[in-house]
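Here the numbering used here is used: position 116 in the sequence shown is 142, and no number is missing along the way.
From the three backbone atoms N, C-alpha and C, an ideal C-beta is built for every residue, glycine too.
Working notes, beginning with the structure itself.
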Amino acid sequence: MILFGISTIIPYFYTIPSPIKIELAHIPTSLINDESELIQLLLKRQAELNSLLEITQAINKNSSSNVLFEMLEVILNVHLRIGKVRLLIREGEHFYCASRFGGEFENAKTLQQTCQALSDYKHITALRANPDFLLSKYEYFVPVYHKDEFLAFVLIGDFDTGHELLSNDLNFIETLINVIVVALENKKLFKERVDRERLQRDMELAVEVQGMLIPRSLPKTGSVEVGATYLPNENIGGDYFDFIKLGPDEFLWCIADASGKGVSAALLMANLQASLRAWASVESDLVKVIERLNEIVVSNTNGE
Numbered sequence: 027m028i029l030f031g032i033s034t035i036i037p038y039f040y041t042i043p044s045p046i047k048i049e050l051a052h053i054p055t056s057l058i059n060d061e062s063e064l065i066q067l068l069l070k071r072q073a074e075l076n077s078l079l080e081i082t083q084a085i086n087k088n089s090s091s092n093v094l095f096e097m098l099e100v101i102l103n104v105h106l107r108i109g110k111v112r113l114l115i116r117e118g119e120h121f122y123c124a125s126r127f128g129g130e131f132e133n134a135k136t137l138q139q140t141c142q143a144l145s146d147y148k149h150i151t152a153l154r155a156n157p158d159f160l161l162s163k164y165e166y167f168v169p170v171y172h173k174d175e176f177l178a179f180v181l182i183g184d185f186d187t188g189h190e191l192l193s194n195d196l197n198f199i200e201t202l203i204n205v206i207v208v209a210l211e212n213k214k215l216f217k218e219r220v221d222r223e224r225l226q227r228d229m230e231l232a233v234e235v236q237g238m239l240i241p242r243s244l245p246k247t248g249s250v251e252v253g254a255t256y257l258p259n260e261n262i263g264g265d266y267f268d269f270i271k272l273g274p275d276e277f278l279w280c281i282a283d284a285s286g287k288g289v290s291a292a293l294l295m296a297n298l299q300a301s302l303r304a305w306a307s308v309e310s311d312l313v314k315v316i317e318r319l320n321e322i323v324v325s326n327t328n329g330e
């Protein structure tokens, strides 16, 4: 099993340093305003870069999705002063609401159905004039794509009355969410690959064990000659055969087909072989051997 360490990151608030005091005498008012706005814009861009850095570091530390979504909510709500957000991530053919805050919460299925008509949009779309009642409660639809694959979408609205969301802010939101969603998708794909590789290793080991259980040499005497070929339907199966020499001219042979395929069937086969060889060595009555084997199989499989 692969365990992702979870590094707990406490949400924090972004603060903008106080503007540096400068001598204002003989400086035109328009120039003062322009410089002040420029400073604020630069500070804002610096905060955005810091946000991306923090998110990237959290991803590299293998932080949980909950931690990443908490960080995202702090950035959107506190730094960009967005009052309402709905982030829906694709899972198979459906979407689930991964993060939300502000406003009255809608059903994720309702949101998905409502936004189905917007799934063809690959760019940020304004919703202010959208005729749909639910969508009209939001201001922007932000789709998240990766290599032409639609991974998620975000609905945002209820901005602070004194703050106007600029196009750069929307691009930043799109980039930020894209980084998180793609990272989570990559983590899921990586886990699936690790699970497949682990299963493959288990199957290879089971095949090796099964090969050890199949007789490597068969009886061959002046009166008896046996030949056999074993070709399982899959890499590993529950088919079983065995030949046990009981005396100079006496052999016990067994052919069985364990229900099912894969590791569980092979384990049942191994158990059957061990039981058969143990009882054949101490019991000469074939009927009693079969009865005892049947009891063992029924017990091990819970009668299935």
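Could you tell me which uninterrupted alpha helix (DSSP H) segments, each at least 4 residues in length, are contained entirely in the segment 51-109, listed from first to last along the chain?
-> Complete alpha helix (DSSP H) runs here, min 4: 55-86, 91-100.
How long is the line joining the alpha carbons of GLU49 and HIS105, rounded to whole angstroms?
-> Counting from 1 along the sequence shown, the entry for residue 49 is found at position 23. Counting from 1 along the sequence shown, the entry for residue 105 is found at position 79. Confidence at GLU49 is low in this model, with a pLDDT of 40, below 50, so the placement of that residue is unreliable and no value is reported for it.
On the DSSP bridge assignment, give the partners of PRO169 in chain order.
-> Here residue 169 corresponds to residue number 143 of the sequence shown, with the count starting at 1. Answer is PHE179.
Under a Cβ-count criterion, where at least 16 other Cβ atoms within 10 Å of its own Cβ denotes burial, should ALA304 be classed as buried or exposed?
-> The residue given as residue 304 occupies position 278 in the sequence shown. When all chains shown are included, ALA304 counts as exposed.
From the DSSP output, in three-state form, read off LEU160 for me.
-> Numbered from its first residue, the sequence shown carries residue 160 at position 134. In this structure, DSSP gives LEU160 a state outside helix and strand, which the three-state scheme calls coil.
Between which two residues does the alpha helix (DSSP H) containing ALA155 stretch?
-> Here the question's residue 155 lines up with position 129 in the sequence shown. Counting along the chain, ALA155 falls outside any alpha helix (DSSP H), and DSSP gives it neither H nor E.
Does the count of Cβ pairs from the segment 134-150 and the segment 165-179 closer than 8 Å reach three?
-> Judged by Cβ distances under 8 Å, the segment 134-150 makes contact with the segment 165-179, as three or more pairs qualify.
Please list, in chain order, all residues of the same chain as PRO241 whose beta carbon is under 8 Å from its beta carbon, the five residues on each side excluded.
-> As a working mapping, residue 241 is identified with position 215 in the sequence shown. Excluding sequence neighbours, PRO241 sits near ALA254, PHE267, ASP268, PHE269.
Rounded separation between LEU75 and LYS214 - CA only | In the sequence shown, the residue the question calls residue 75 occupies position 49. In the sequence shown, the residue the question calls residue 214 occupies position 188. Spanning the alpha carbons of LEU75 and LYS214 requires a straight line of approximately 26 Å.
C-alpha gap between LEU160 and ALA232, whole angstroms | In the sequence shown, counting from the first residue as 1, residue 160 sits at position 134. In the sequence shown, counting from the first residue as 1, residue 232 sits at position 206. When rounded, the distance between both Cα atoms is 55 Å.
At what residues does the alpha helix (DSSP H) containing ALA134 begin and finish?
-> Along the sequence shown, read from residue 1 onward, the residue named residue 134 stands at position 108. Counting along the chain, the alpha helix (DSSP H) containing ALA134 begins and ends at 134-140.
Following the continuous alpha helix (DSSP H) through ALA254, name the residue where it begins and the one where it ends.
-> By 1-based counting over the sequence shown, the position of residue 254 is 228. ALA254 -> no alpha helix (DSSP H), and no H or E assigned at all.
Coil, strand or helix - ILE203 by DSSP | In the sequence shown, residue 203 corresponds to position 177, counting from 1. The answer is helix: DSSP assigns ILE203 an H, G or I state.
Whole angstroms is fine: what's the gap from GLU276's alpha carbon to GLN226's?
-> Residue numbering aside, residue 276 sits at position 250 when the sequence shown is read from its first letter. Residue numbering aside, residue 226 sits at position 200 when the sequence shown is read from its first letter. So the alpha carbons of these two residues sit roughly 41 Å apart.
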